[in-house]
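Beneath this line is the structure, given in structure tokens, with notes to follow.
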Amino acid sequence: MELNELLEITRIEHDQTKPVQVRCCTAAGCLSSGSQAVKDNLDAAVKAAGLEDKIHVSGVGCMRLCCQGPLVQVDQESNKESKLFEQVKPEDSVKVIDAIEGKETNLKQQDLHQPFFTRQLPIVLENSGKIDPERIQSYIAENGYQGLYQVLREMKPSEVVETITKSGLRGRGGAGYPTGLKWATVAKSKGDKKYVICNADEGDPGAFMDRSVLESDPHRLLEGMAIAAYAIGASQGYIYVRAEYPIAIKRLETAIRQAQRLGLLGSQIFDSPFDFKIEIRIGAGAYVCGEETALMASIEGKRGVPHPRPPYPAESGLWGYPTLINNVETFANIAPIIRKGADWFAGIGTEKSKGTKVFALAGKIRNTGLIEVPMGTTLEEIVQEMGGGVPDGGIAKAVQTGGPSGGCIPASAFATPVDYESLTALGSMMGSGGMIVMDQTTNMVDVARFFMEFCMDESCGKCIPCRVGTVQLHDLLTKISDGKAAQADLELLEELCDMVKHTSLCGLGQSAPNPVFSTLKYFRDEYLALIR
Amino acid sequence: MKRNTVTPPANHPSGDKRLKMLDATIKRHQYQQDALIEILHRASELFGYLELDLLLYIAHQLKLPPSRVYGVATFYHLFSLAPKGKHNCVVCTGTACYVKGSQEILTSLENATAIKAGDTTPDGEISLLTARCLGACGIAPAVVFDGAVAGNQTSESVCKKIGEWQHGTK
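As structure tokens, then:
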């Protein structure tokens, strides 16, 4: 494979573009509302109307407004305005064609000028909903794999690390560790073998942005991993993905196969001495496997229990070799940074948090789905403007971010710009990017108990503070919630939270008390109301 | 596991075709011990659950101590050591579904089937399970019926579906 071949694929792809593009969302959310049947019927209707030369129907990735699925977007050369139809039923396919031909239909159309769409700044999701995730040509036509070419033919590994460092990209898995620094550490580590791992074990309840990237644009991840592998000197990569995401796994497998066939993965990529292979490892349902040391134990075929750090994976990771582990969204940012430059990326976001962040907006909110916004966008803008507020006249009470490791942010703090530091200062965290809106009907003690039950269930059992502590915390929260607790129990709860936080082995235990801390901080009166 | 009560089958005299298919997977992984989880995935796909005999067989093939295989099989939620029902109903209990009332859905399902979450009805028809998060938060609350995800569920809609299973209309 050479650059001109890549450009040839792009040219052919653009030449074949028909005047009308009909895109049907085939990501998990819409699929479960029956979008496959919608797509099949659209195909059949185009055929029946003899419009195959004019209209092209394709299955694409997530179009973000998941609550209104199945979504169908129509782009016409003759009309600059895209149309987005929502809640399309399989029998509506003829109406879609009528709409293309300018006839009146009663199809529900979404306003693409509403803040939910206009305030987004897609980098990670730039191709999502646009390209067919099952066709590599579709990705290549959007400048795909050009970043990899550029890196292999024009840059030294150290220059790649330098570019990522300069961009200011931080890990999107939650902790926000500077990506360039991590890469530099692994690049410096000595070892005759090195590994690159993509953490696609998106376990936080309420987060589905990684799933969306895997289902909508899998090649972006492969390209990002290959660039990382070149930068640190690895020739083998693993994607550790949840078994709960069957569509994502299938599309990843397809993507790897296609990339191998075109010589974009495998040996001597772009006729350079660089070899890189990627294998998929499927998780088996354990939240703790999102923790990097536990994840590696699981790839090695063992129980997914964490081990103390140091040594860090950067020195001694998978099978004892230096290993780079990054999250899906982190890798998804790499190719655009290489293509457009570190300065472009560093120009977006806040002083310490660069770029954009994808959030999964869900819960008691009108527009649920995915949003990608520059760092520094306030919660108010996200919840009220983009999310459209709480439906049925409800009032937003809090936003839960960061899953079980995060916390609840009260409505009074919604003016906060969202970045790593500000969320931590509020007692929550970025986490992988789940954002669950809660309204007045939500009982915060129940919420804390819900998360504690999760942590209790998911504790791997290796260290005592987490194994025993979470059970005791759950019991105490149940006691409070049942109205059987006294003031002393509340004090005990706080003391125990502190202990679990400071003595647990890994991130799961260390962050398990966070939902309790944050609800106690902002909604203490709800606890007190339940105390005898 | 009791020792010496079950001898690990060196080959499979049962002639079960599924074991042959499992062997093919083991071979494809070149008897690598670190492929244990992949092999357990395949085994539960083929057999529906992981019987003790099956675990011993895998341990033997990969030359792993049975304790290690048992330890891994019991650690992960997706592996079940007991048979599942003919129909599976998985209620998502992720945060978004929780906020939108998945607890009520689960309670009404427990009442309708007279079993607790995680159990199978005595006639082996229906298994009621929970999932931590399906990643389908945009259409919460979500329930999976025999592998098909259904969004925006209510107590009524899930009970209707269970009723269809119970009365064999589908």
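Line order of the protein sequences matches chains A and B.
Just so you know, the numbering used here puts the end of the first sequence at 563, numbered straight through with nothing missing.
Just so you know, the numbering used here puts the end of the second sequence at 1189, numbered straight through with nothing missing.
Positions of the beta carbon are idealized from the N, C-alpha and C atoms, including for glycine.
Classification of residue i by the beta-carbon crowding that lies within 10 angstroms, buried from 16 upward
i                  : result
ASP84 of chain A   : exposed
ASN8 of chain A    : Outside the shown range of chain A, which is 32 to 563, sits residue 8 of chain A, and nothing can be said about it.
ASN1023 of chain B : Note that ASN1023 of chain B scores a pLDDT of 46, beneath 50, so its modelled location is shaky and nothing firm can be said.
ALA1133 of chain B : exposed
MET1040 of chain B : exposed
LYS388 of chain A  : buried
HIS1096 of chain B : buried
ALA1115 of chain B : buried
HIS45 of chain A   : exposed
ASN1051 of chain B : The amino acid at residue 1051 of chain B is misidentified as Asn; the sequence shows Gln. By the 10 Å Cβ count, GLN1051 of chain B comes out exposed.
ASN35 of chain A   : exposed
TRP1184 of chain B : buried
GLY133 of chain A  : exposed
HIS1060 of chain B : buried
LYS111 of chain A  : exposed
GLN518 of chain A  : exposed
THR194 of chain A  : buried
ARG251 of chain A  : buried
GLU33 of chain A   : exposed
LEU551 of chain A  : buried
ASP470 of chain A  : buried
7 Å Cβ cut-off: residues of chain B touching residue i
i                 : result
THR550 of chain A : Within 7 Å Cβ-Cβ: nothing; THR550 of chain A doesn't reach chain B, min ~13 Å.
CYS565 of chain A : A question about residue 565 of chain A goes unanswered here, because the residues of chain A that appear run from 32 up to 563.
PRO236 of chain A : GLY1113, THR1114, ARG1151, CYS1152
Interface flag, residue i vs chain B, CB-CB below 8 Å
i                 : result
MET469 of chain A : yes
SER329 of chain A : yes
SER436 of chain A : no
GLN140 of chain A : no
PHE29 of chain A  : This structure gives no information on residue 29 of chain A, because the portion of chain A shown stretches from 32 to 563.
TYR318 of chain A : yes
GLU233 of chain A : yes
THR473 of chain A : yes
GLY335 of chain A : yes
GLY178 of chain A : no
PHE445 of chain A : no
GLY425 of chain A : no
GLY458 of chain A : no
Within 8 Å, strictly: CB atoms of residue i and residue j
i                  : j                  : result
GLU609 of chain A  : ALA215 of chain A  : This structure does not reach residue 609 of chain A, given that chain A is present from 32 up to 563, and the question cannot be answered.
GLU331 of chain A  : ASP1053 of chain B : yes
VAL1162 of chain B : VAL1109 of chain B : yes
HIS338 of chain A  : THR324 of chain A  : yes
ILE369 of chain A  : VAL182 of chain A  : yes
GLN141 of chain A  : GLN99 of chain A   : yes
ARG54 of chain A   : VAL404 of chain A  : no
ALA363 of chain A  : GLY204 of chain A  : no
GLY28 of chain A   : ILE379 of chain A  : Any property of residue 28 of chain A remains undetermined from this structure, which presents chain A solely from 32 to 563.
ALA231 of chain A  : TYR271 of chain A  : yes
ARG95 of chain A   : ILE309 of chain A  : no
ALA391 of chain A  : MET240 of chain A  : yes
Listed by chain order, chain B residues near residue i by CB distance under 8 Å
i                 : result
THR509 of chain A : Going along chain B, no residue has its Cβ under 8 Å from THR509 of chain A, so there is no contact; the nearest lies around 14 Å.
PHE485 of chain A : ARG1151
Under 9 Å by beta carbon: chain B residues contacting residue i
i                 : result
GLN431 of chain A : THR1114, VAL1118
GLU554 of chain A : Note that residue 554 of chain A is Phe in the sequence shown, not Glu. Simply none; closest approach about 15 Å.
Cutoff 8 Å: residue i Cβ touching any chain A Cβ
i                  : result
LEU1041 of chain B : no
ILE1124 of chain B : no
GLY1137 of chain B : no
GLY1187 of chain B : no
ARG1022 of chain B : Confidence at ARG1022 of chain B is low in this model, with a pLDDT of 47, below 50, so the placement of that residue should be treated as unreliable; the coordinate-derived value is given next. Not one chain A Cβ lies under 8 Å of ARG1022 of chain B.
Contact list for residue i against chain A, beta-carbon separation under 7 Å
i                  : result
ALA1054 of chain B : GLY332
GLY1067 of chain B : Under the 7 Å cutoff, chain A gives no residues; its nearest Cβ is about 15 Å from GLY1067 of chain B.
Neighbour list for residue i in chain A, Cβ cutoff strictly below 8 Å
i                  : result
HIS1060 of chain B : ALA274, ILE313, ALA315
GLY1143 of chain B : Simply none; closest approach about 23 Å.
Proximity test, Cβ basis, 8 Å: residue i and chain E
i                 : result
PHE307 of chain A : No chain E appears in this structure, whose protein chains are A and B.
Any non-hydrogen atom of the ligand GDP within 7 Å of residue i CB
i                 : result
PRO209 of chain A : The model on display carries no ligand, and the ligand GDP is accordingly not part of it.
Below 7 Å between beta carbons is the criterion; list the residues of the segment 1078 to 1110 of chain B that meet it against any residue of chain A, in chain order. Going along the segment 1078 to 1110 of chain B in chain order, one finds GLY1090, VAL1091, PHE1094, TYR1095, HIS1096, LEU1097, PHE1098 with a Cβ nearer than 7 Å to chain A.
If contact means a Cβ-Cβ distance below 8 Å, which residues of the segment 274 to 293 of chain A contact chain B? Those would be ALA274, GLU275, TYR276, in chain order.
Of all the residues that make up the segment 1156 to 1182 of chain B, which are near chain A by a beta-carbon distance shorter than 8 Å? So the close ones are CYS1156, GLY1157, ILE1158, ALA1159, ALA1161, ALA1167, VAL1168, ALA1169, GLY1170.
Which of the residues in the segment 390 to 413 of chain A, read from start to end, lie with their CB under 7 Å from any CB of chain B? Answer set for the segment 390 to 413 of chain A: ALA391, ALA393, GLY394, LYS395, THR399, GLY400.
Scan the segment 242 to 265 of chain A for residues whose Cβ lies nearer than 7 Å to a Cβ of chain B and list them as they occur along the chain. Per Cβ criterion, the list reads ARG242.
In the segment 48 to 76 of chain A, which residues sit with their C-beta less than 8 Å from some C-beta in chain B, listed in chain order? From the segment 48 to 76 of chain A, only ALA59, GLY60, LEU62, SER63, SER64 have a Cβ closer than 8 Å to chain B.
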